[in-house]
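Below is one structure, written out as structure tokens; comments come after it.
Chains as they are written, first to last, in the working numbering: chain G, 1 to 89; chain X, 90 to 178.
Following this line, the structure appears as structure tokens:
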């Protein structure tokens, strides 16, 4: 039985593969769909912002986002949400 | 309604606060409890490994792990799990 934290980590892996398919990389249109469909309550991105974000995440410059680059985005957004949702503070 | 990905990100924030309490930082004993209780299916750490891991994560050297340092651990473990659990490959 997985803990809620472990289920959360599994959800991150699953959503990446749902959008990357077997190639295990996200193209820009796939990243946009993932953000809009799965993170819409947390962030909204305009096309210009998406261009900047994608270039930032794509550290090896291959025009695709691999899992390590994707988890960087999750860490950024979760950190930003953490600042907003600190309980009882 | 949150997506599974958003619920997963919320679970990461909640588990951090469950162990950090209001100080919003994890001491080494708290990190150890969190890893053993909440990530036991994914990683096991011995005391020696915990010392090295803690020093690695504690980038500002204050002997406590803040949320940004914690999310680095989550990213490391999730990436490692990702390599193991690539579907149909």
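The beta-carbon is built from N, C-alpha and C at its ideal position, and this holds for glycine as well.
Three or more pairs of CB atoms, one per stretch, sit closer than 8 Å, so the segment 99-110 of chain X contacts the segment 3-18 of chain G.
In terms of Cα proximity to residue 115/X, the closest of 128/X, 152/X and 142/X is 152/X. In the displayed model, residue 63/G falls within coil according to three-state DSSP, outside both helix and strand. In this model, residue 9/G and residue 84/G are separated by some 21 Å (Cα to Cα).
Of 121/X, 155/X and 146/X, the smallest CA-CA separation from residue 111/X is found for 155/X. Where residue 106/X is concerned, the enclosing alpha helix (DSSP H) starts and stops at 93-109.
For the pair residue 75/G and residue 138/X, the Cα-to-Cα distance works out to about 23 Å. Listed along chain G is no residue with a C-beta nearer than 7 Å to that of residue 109/X; the closest approach is about 10 Å. Annotation note: the segment 115-164 of chain X contains no uninterrupted beta strand (DSSP E) run of length 3 or greater. Residue-level contact check: residue 12/G touches chain X, since one or more beta carbons of chain X fall below 8 Å from its beta carbon. Taking the Cβ atoms as the reference, residue 54/G lies roughly 20 Å from residue 81/G, outside the contact range of under 8 Å. With a cutoff of 8 Å on beta-carbon distance, residue 79/G and residue 135/X are scored as not near each other.
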